[in-house]
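So the sequence shown is numbered by the numbering used here: it starts at 22 and just counts up by one. A short worksheet on the structure shown next.
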Amino acid sequence: MKSKKLLAAGTSSRQQYRSSSTDLTPLPGIEKCGHSTPACLRNLSQKRLSPNNGKTSTKSTVKFSFLAQEVLNNSLEIPKECPKTLKPSSISRASCGKVLAYAANTDKGLRRKKNEDRIMIIASFSEPQNKMHEAAWPNCSYFGIFDGHGGDGCSSFLRDKLHQFIIESHFFPSFPHKAIKEALEKAENEFMKISKETNDKSGSCAVIALIVGQVCYIANIGDSRALMSGLSGKHVYSLTTDHKPADPQEQTRIFQAGGLVYSTTSWNRSKVYRVLPGKLSVSRTIGDADAKNIEMGGNPSVVISTPEIRKFEIKPEYDFIMLGSDGIFDTMTNRDVVDKAWESIDGLNGELTQTKCAKAVEGVILESFKRQTRDNVSAVIIALRTLIQN
22 MKSKKLLAAG TSSRQQYRSS STDLTPLPGI EKCGHSTPAC LRNLSQKRLS PNNGKTSTKS
82 TVKFSFLAQE VLNNSLEIPK ECPKTLKPSS ISRASCGKVL AYAANTDKGL RRKKNEDRIM
142 IIASFSEPQN KMHEAAWPNC SYFGIFDGHG GDGCSSFLRD KLHQFIIESH FFPSFPHKAI
202 KEALEKAENE FMKISKETND KSGSCAVIAL IVGQVCYIAN IGDSRALMSG LSGKHVYSLT
262 TDHKPADPQE QTRIFQAGGL VYSTTSWNRS KVYRVLPGKL SVSRTIGDAD AKNIEMGGNP
322 SVVISTPEIR KFEIKPEYDF IMLGSDGIFD TMTNRDVVDK AWESIDGLNG ELTQTKCAKA
382 VEGVILESFK RQTRDNVSAV IIALRTLIQN
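Put into structure tokens, the structure is as follows:
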């Protein structure tokens, strides 16, 4: 039987919070773009636990059709054999700018009846006709994982529309971070209109990587993650921070907005923190009308859609970027993921880089199955150089 415990404002939950920076190397030069925290919290000294008719190209586009499981638990017994097989990964056909190759895969997992994850990859943004006379168009590549819950309506909407909103923004490509922020705001507003018309109460987390020229922009809402391997796996860089109700700064924001945080005991006897209204295990999402609409008993200031956006210049020593849904990170640390990716391509030095990316993605997902993840799982690996182990 699950137990429930309500947290009072200011209650510490540091020991239970799943940090995304454990055993990681800080990424030199990574910058936060704009404000990702509401104004009332920007001056808090509390320490965080972890760091319009535009046309787009459909070439090299991958479409997939994930929920949210909660807690990292490395005490699970790992069986020798994986209890599940995967369909082959989708891989790149050609390089584009700083992106040498990529691979992606997704699966409903061991216990879910349906996969609510969606993935979108656009290997190269074509220059829209309405921007033909502007400055030279840079190489642009886009990768996104949209981790849906309560149905796949919101995650499918983000898959199909978010990249269009970015490229249509008057900020793009000169100010990509502003274009991403504007696009996510538009996505939230547009989907909430759809939700009202269709009674679709689904929601979604999101993590995207947008590479423009030499610079990578990472944006996340919720607990899907981005990480990066450097120097053949010697370094593991965390590129996102999970937006969870147990995070101290998120918890403070929730309490100040009039929300509540409570804990339950999950299937593996670990504590799961959820937010009210909404009963969600994440504190930022797109969608989730019942958590946000006042007429449904929601509070639009508790579960919010404000993204965190970071940027960094891609350097020669960076191996690959990986995007993943929380189904992977419920049973694996970021270090586990990078180590498994490299282990999966051991001995493949003669293979094409996209083949290595596929083996790495599949190795990570299958390892999460061996560790008995209970969620949908999705992963994208973006190779920034030839993947050769030193």
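In this text, a Cβ means the ideal position worked out from N, Cα and C, and glycines have one as well.
Are the beta-carbon atoms of Ala-404 and Val-382 separated by less than 8 Å?
no
Quiz item: How would you label Ala-312, buried or exposed, when you count the other beta carbons within 10 angstroms and need 16 or more for buried?
Solution: buried
* Asked: Which whole runs of the alpha helix (DSSP H) in the stretch 140-193 are 4 residues long or more, in chain order?
  -> 174-189
Worksheet entry | Nearest-angstrom Cβ-Cβ length linking Glu-52 and Arg-331, presumed shorter than 8 Å | 6 Å
* To do: Can you grab the Cα-Cα spacing for the pair Thr-327 / Gly-371, in whole Å?
  => 44 Å
Of the residues Ala-247, Ser-302, Leu-297, Phe-167, which one's Cα is nearest the Cα of Ile-315? Leu-297
Please report the straight-line C-alpha distance between Ser-250 and Gly-234, rounded to a whole angstrom. 20 Å
Closest by C-alpha distance to Cys-54, when choosing among Thr-273, Pro-197, Gly-319, His-191 | Pro-197
Strictly by DSSP, which residues pair up with Leu-405? Answer is none; Leu-405 lacks a bridge partner.
Contact check, Ile-229 vs Gly-171, beta carbons under 8 Å
no
With a Cβ-Cβ cutoff of 8 Å, do Cys-226 and Asp-168 count as a contact?
-> yes
Given Ser-213 as reference, the closest of Ile-307, Asp-340, Gln-393 once Cα atoms are compared: Checking the displayed sequence, the identity of residue 213 turns out to be Met instead of Ser. The shortest Cα separation from Met-213 among Ile-307, Asp-340, Gln-393 belongs to Ile-307.
Using a 10 Å radius around the Cβ and a threshold of 16 neighbouring Cβ atoms, would you call His-184 buried or exposed? buried
- Query: What are the boundary residues of the beta strand (DSSP E) that includes Ile-229?
  - Reply: 224-233
**Message:** Between Phe-186, Gly-243, Cys-175, which has its C-alpha nearest Ala-216's C-alpha?
**Reply:** Correcting the residue type first, residue 216 is Ser in the shown sequence and not Ala. Ranking the options by Cα distance to Ser-216, first place goes to Cys-175.
From the DSSP output, in three-state form, read off Leu-373 for me.
coil
| query | For the beta strand (DSSP E) that Val-293 lies in, which residues bound it at each end? | reply | 292-297
* For Asn-220, count neighbouring Cβ atoms within 10 angstroms of its own Cβ and tell me buried if that reaches 16, exposed if not. => exposed
Original post:
How would you label Met-153, buried or exposed, when you count the other beta carbons within 10 angstroms and need 16 or more for buried?
Top reply: exposed
* Quick one: is Leu-373 buried, meaning 16 or more other Cβ sit within 10 Å of its Cβ, or exposed? -> exposed
**DSSP state of Val-303 mapped onto helix, strand, coil** = coil
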